[in-house]
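In order, the protein sequences belong to chains A and B. Going by our numbering, the first sequence opens with residue 31, and the numbers climb by one from there. Going by our numbering, the second sequence opens with residue 508, and the numbers climb by one from there. Ideal Cβ placement from N, Cα and C applies to all residues, glycine included. Owing to the predicted nature of the structure, the values given are computational and were not obtained by experimental measurement. Structure first, then comments.
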Amino acid sequence: MSRRDRSSGRSGIGDFSDPALISTLTAWLGASGASELEISTKDGHTLKIVLAPDASPVRHRDEAQDAASSVPEGRAVKAPLAGVFRDRHPGGFGPGPLTGEDRTLEAGDIAGFVEVGPILIPVIAPATALVAGVHARAGELIGYGDPVLTMEHA
Amino acid sequence: MDASNEAAREIGHSFQSLLIANRGEIAVRIERACKELGLRAILVASEADRAGAAAPGEGGPLSIGPPSPARSYLNQAAILLAARVTGAEAIHPGYGFLSENADFAEAVEKAGLVFVGPPASAIRTMGDKIAAKRAMMAAGVPCVPGPGEPLPDNVEAVRVLAEAIGYPVIVKAAGGGGGRGMRVVRDGADIADAVALTREEARRAFGKPELYMEKFLEHPRHVEFQVLCDNHGNAVWVGHRDCSVQRRHQKVVEEAPAPGIAPELAERIGARCAEACRQIGYRGVGTFEFLYEHGEFYFIEMNTRLQVEHPVTEATAGVDLVHEQLRAAQGDVLDTGRYRGEARGHAFECRINAEDPTTFMAAPGRTSAVRFPSGPGIRVDTHVSAGYRVSPYYDSLIAKLIVHAPTRDEAVRRMQIALAETRIEGISTNLPLHERIFADPDFMQGCVDIHHLEKRLREEACVKA
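And the structure:
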């Protein structure tokens, strides 16, 4: 039995201009603990939702309870939710992987994406630092909090 | 939803993969059933549970969120996203968490997945105590004397109702549960205050000020009936259990069958439970909970999910309730001729909790050594092995020890030995409490009421003092 399917799930989502859809996606985003998501369709349409700081309804509710889990383990950059790791934008933007060992990332750089169906959540470098190791492999399923990469100060 | 989808949902449809939206022993139990039925089980976990495993590392359950239940096992969006990303076709909610959340059941079906449980409408009906009582009365299920409708605002009208029922009465919040939002009234002089206080408590705690009132039973037992239903209008009852050994409304020991219940009476009540299921369009497994006093049953509520104590019924009725639940969700027709409510032998279950044996406070920590008994008639449902870290974030249940024997006396003896052979080191557990219960002459004789354990604990405390 395989507990971890590498499928990215079924595709297909409704009209991006539908307020109900945007509302649902925003609720999912808030619930996941991430702050932004981007959806692209094959015909080139893109929807990007960015939560205002502190907008997540869940983020603070259990902050104290989750204090232990929010302590960084070394300088690991972790997955913001469960999904398929992408080392580059699936739309084909850019020449290659967004990160790799011995590369320096600036704070706020996108180091990869977590994809759930049509939803893309960026994995963002929290500080300017050298990438010491990339743990997630492109196309593999990763869980919430799984280490994506490790960073060391240059 | 179009008509074809609606029809497919009504009869259920087959699936090959199942996401288990739960943790602990019940996740292990459901995973095993999946293996037996050839289904692909997909396990999810919070960060705390993944880190707490005896051998954490690669593989294992998919992490869906931080330790707090609200952000992991109760996070509907995270679970639906996990189902999507893993290609799950169905979701089993286990017990607790989202298992009786009608909105979640609806969201699962809306996402095109199968919810392993009853339709959202049945969960809603049975989740509202007044609506549930009304539905049960319509099906001829005996209820605690009292009107099956909310109490009027007028205090005099309430007083008239209370006198018609006869004191003592209990005033309860319609949306309450777990022993909260209720008050016993023994005299007409106290009724006005009791109603006012309970209404305010109900408004604050449950967001719903509706109250109802019933006859208060002084020394009842807790006896429940297990039902099985499919999506084709078939429903059967498969046995009854006694869950009277409780502490603070939490069951500690369960047994099947409930001792001292006349078979004709059980058959009559069980048949009415099955009829109620047919009337509300129920699907899957469910439990009707009753108070039982002076040879009469009084319905209290229905649990629209698998129960923690389901193994004692499995042992005595020769049924795999999780298999049946999964089959019903797939639209299979229930073999009603197979189950007649007859018990073969007797079974007990002890809930082993990680808790201080004196204060009963939860006692999380890492186990250093674990040894469970084995042998004929012994079953252990657990997720715990040596090196497992019991998390402070969740229920403290770490194992269920179940024994089955031809008679009740033999089952008592078997449990005494099984408890003596159980070793869990590194953390505190309630094993000493179970050993005391299985040495208590009143318990061994059978038919203790729901207050017995607390009374016994108070007596022990007095002796020590």
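| Asked | Found |
| --- | --- |
| Taking a Cβ distance cut-off of 7 Å, strictly less, list which residues of the region 132-157 of chain A are near chain B, in chain order. | Val146, Gly147 |
| For a quick check, are the C-beta atoms of Glu961 of chain B and Arg812 of chain B less than 8 Å apart? | no |
| List the DSSP bridge partners of Cys736 of chain B. | B:Ala742, B:Gly791 |
| What did DSSP end up calling Cys954 of chain B once you bin it into helix, strand or coil? | coil |
| For Pro864 of chain B, which residues from the same chain have a beta carbon less than 8 Å from its beta carbon, with the 5 sequence-adjacent residues on both sides left out? | Ser935, Thr936, Asn937, Leu938, Pro939, Leu940 |
| Which of the three DSSP states is assigned to Pro152 of chain A in this structure? | strand |
| Rounded to whole angstroms, what is the Cα-Cα separation between Arg785 of chain B and Glu616 of chain B? | 21 Å |
| Does DSSP put Ala85 of chain A in a helix, a strand or coil? | No answer about Ala85 of chain A holds up, because its pLDDT of 44 lies below 50 and its placement is not dependable. |
| Hey, could you find the ends of the alpha helix (DSSP H) Ser628 of chain B is sitting in? | 627-634 |
| Among the residues of its own chain, which have a CB less than 6 Å from the CB of Ser511 of chain B, if the five just before and after it don't count? | With a pLDDT of only 42 at Ser511 of chain B, under the threshold of 50, the placement of this residue in the model should not be trusted; the figure read from the coordinates follows. Hits under 6 Å: none found. |
| For Phe795 of chain B versus Val734 of chain B, is the C-beta distance shorter than 8 Å? | yes |
| Compare the Cα-Cα distances from Gly714 of chain B to each of B:Ala680, B:Gly695, B:Val691 and report the closest residue. | B:Ala680 |
| Can you grab the Cα-Cα spacing for the pair Arg886 of chain B / Leu908 of chain B, in whole Å? | 6 Å |
| Inspect the CB distances between the region 768-778 of chain B and the region 861-878 of chain B and report whether three or more fall short of 8 Å. | no |
| Would you report the Cα separation of Ala98 of chain A and Asp556 of chain B, rounded to the nearest angstrom? | For Ala98 of chain A, the predicted model reports a pLDDT of 34, less than 50, meaning its position is unreliable; a value from the coordinates is still stated below. Those two C-alpha atoms are separated by around 13 Å. |
| The ligand MG and Gly124 of chain A: does any heavy atom of the ligand fall closer than 7 Å to the residue's C-beta? | Ligands displayed in this structure: none; no statement on the ligand MG is therefore possible. |
| First and last residue of the beta strand (DSSP E) that includes Ile571 of chain B? | 569-572 |
| Going along the chain, which unbroken runs of the beta strand (DSSP E) with 3 or more residues stay wholly within the region 101-144 of chain A? | 106-108, 113-116 |
| Note down, in chain order, all residues in the region 572-595 of chain B with a beta-carbon under 9 Å from any beta-carbon belonging to chain A. | Gly572, Pro573, Pro574, Ser575, Pro576, Ala577, Arg578, Ser579, Asn582, Gln583, Ala584, Ala585, Leu587, Leu588, Ala589, Ala590, Arg591, Val592, Thr593, Gly594, Ala595 |
| Along the beta strand (DSSP E) that carries Gln832 of chain B, what are the first and last residues, could you check? | Taken as a continuous stretch (DSSP letters only), Gln832 of chain B belongs to no beta strand (DSSP E), being part of the alpha helix (DSSP H) at 828-836. |
| Can you name the start and end residues of the alpha helix (DSSP H) that Cys650 of chain B belongs to? | Segment: none, Cys650 of chain B is in no alpha helix (DSSP H) and carries neither H nor E. |
| Would Gly163 of chain A count as contacting chain B if we go by Cβ distances under 8 Å? | no |
| Do you know offhand how far Phe879 of chain B's Cα is from Thr929 of chain B's? | 5 Å |
| Could you please tell me which residues of the region 107-132 of chain A, in chain order, have their CB closer than 7 Å to any CB of chain B? | Leu111, Ala112, Gly113, Val114 |
| Check whether the Cβ of Gly169 of chain A lies closer than 8 Å to any Cβ atom in chain B. | no |
| Should the region 790-805 of chain B be called in touch with the region 722-742 of chain B, which here means at least 3 C-beta pairs below 8 Å? | yes |
| Determine the burial state of Thr914 of chain B: buried for a count of at least 16 other Cβ atoms within 10 Å of its Cβ, exposed for fewer. | exposed |
| Rounded to the nearest angstrom, how far is the Cβ of Ser524 of chain B from that of Gly567 of chain B, given a contact under 8 Å? | Contact flag wrong, Cβ pair sits at about 17 Å. |
| Please state the DSSP three-state secondary structure of Met922 of chain B. | helix |
| To the nearest angstrom, how far is it from the Cα of Leu912 of chain B to the Cα of Val919 of chain B? | It should be pointed out that residue 912 of chain B corresponds to Ala in this sequence rather than to Leu. Between Ala912 of chain B and Val919 of chain B, the C-alpha separation is close to 9 Å. |
| Candidates B:His959, B:Phe950, B:Thr889: which alpha carbon is nearest Asp916 of chain B's? | B:Phe950 |
| Using DSSP's beta-bridge definition, name the partner residues of His911 of chain B. | B:Ala854 |
| Suppose you measure from the CA of Ala645 of chain B to the CA of Pro899 of chain B; what does that come to, to the nearest Å? | 43 Å |
| Given that a residue counts as buried once 16 or more other Cβ atoms are within 10 Å of its Cβ, and exposed if not, what is Thr820 of chain B? | buried |
| Looking at Leu150 of chain A and Ile79 of chain A, is the spacing between their C-beta atoms short of 8 Å? | no |
| Suppose the cutoff is 6 Å on Cβ atoms and the five residues either side in sequence are ignored; what does the same chain contact list for Val651 of chain B look like? | Glu721, Lys722, Tyr805 |
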